[in-house]
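The working numbering applies: residue 84 is where the sequence shown begins, and numbers increase by one.
Beta carbons are placed, not taken as given, at the ideal position from N, Cα and C, and that holds for glycine.
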Amino acid sequence: MSNLIVRGISAGYGKVNVVRDVSLTVPEGRRIALVGSNGAGKSTIVRTINGLLALRGGSVQWDGVPIESMRVHQRTRAGIATVPEGRLLFPDCTVTENLVAASTWGQPKIERQRSIEVVFDLFSRLRERSAQRVGTLSGGEQQMVAIGRALMTRPRLLMLDEPSIGLAPKVVGEIFEALGRLTGSGLSLLLVEQNVQLSLRSVDCAYVLRRGELVLEGNAADLLDHPFVREAYLGG
């Protein structure tokens with residue numbers, strides 16, 4: 084079963100279509116990557132799925148239901164959470180306050196304390212810094228807070244937009260190890276990255292985007308050995 088089905092979407096800014104006729108699926112409990120160089124249109128696709136950017140063509144279905152008319156908060160409440168590029172945290176608030184801010188309605192509010200414990204178990208460093216202002220944390224710790232904040236909405240699909248950008252390799256390893264544990268619990272994952280090798284080693288299947296169009300898709304391990312991928316993204 085596919086929770087998310089994106090069919091032939093086109094989207095962009097102003098008079099320019101950044102992505103054209105893109106289709107992808109994210110099956111339940113699977114790890115999917117959308118990879119490509121900077122400017123390929125990856126973030127545009129994420130913003131179209133979560134409702135921040137209007138569709139110009141195609142459709143987006145979640146659990147078999149079209150969601151084009153849903154507002155951003157409605158998509159979040161339906162189970163789609165995003166960890167945006169740049170994180171967009173509340174820097175003057177504590178770690179705990181940032182987590183609480185994402186769980187102010189319905190089941191996420193009822194399960195708030197349990198969800199906080201899940202986040203702290205996932206990222207033990209955040210438990211130690213729970214009362215610290217987020218703006219004083221390292222970049223890696225802030226990324227952990229951003230992921231934790233998204234998890235506080237109790238999503239079934241987690242979309243991450245460039246989660247490794249600007250982070251030290253050791254921290255990236257910790258974050259991706261945690262993401263692997265999350266998908267083991269049934270969460271679906273859409274990973275958007277320009278680090279192609281890291282992505283393909285972390286997911287089940289992937290889509291390769293170039294200049295706003297899909298050029299390849301398939302099993303991640305197979306794509307690692309594909310001549311186009313090796314030449315274009317892995318230095319031959």
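Within the region 114-187, complete beta strand (DSSP E) segments of at least 3 residues are found at 114-118, 140-145 and 163-166, given in chain order.
Fewer than three pairs of CB atoms, one per stretch, sit closer than 8 Å, so the region 158-169 makes no contact with the region 202-211. Annotation: R210 is outside any beta strand (DSSP E); the continuous alpha helix (DSSP H) that includes it extends over S207 to E211. As computed with DSSP, A94 is found in a beta bridge with V102. Here the region 187-197 does not lie against the region 217-226, with fewer than 3 beta-carbon pairs under 8 Å apart. Per DSSP, the continuous alpha helix (DSSP H) segment holding G267 begins and ends at P252 to G267.
Around the beta carbon of S207, fewer than 16 other beta carbons sit within 10 angstroms, so the residue counts as exposed. Listed as beta-bridge partners of N302 by DSSP are C288.
Each of L209, S268, L250 and E260 was checked against the Cα of R237, and the nearest Cα belongs to S268. Taking a cut-off of 8 Å on C-beta distances, the region 171-181 does not touch the region 138-148, as fewer than three cross pairs fall below it. Unbroken beta strand (DSSP E) runs of no fewer than 3 residues, entirely contained in the region 214-243, are not found. Between the C-alpha atoms of L307 and V279 there is a straight-line separation of about 9 Å.
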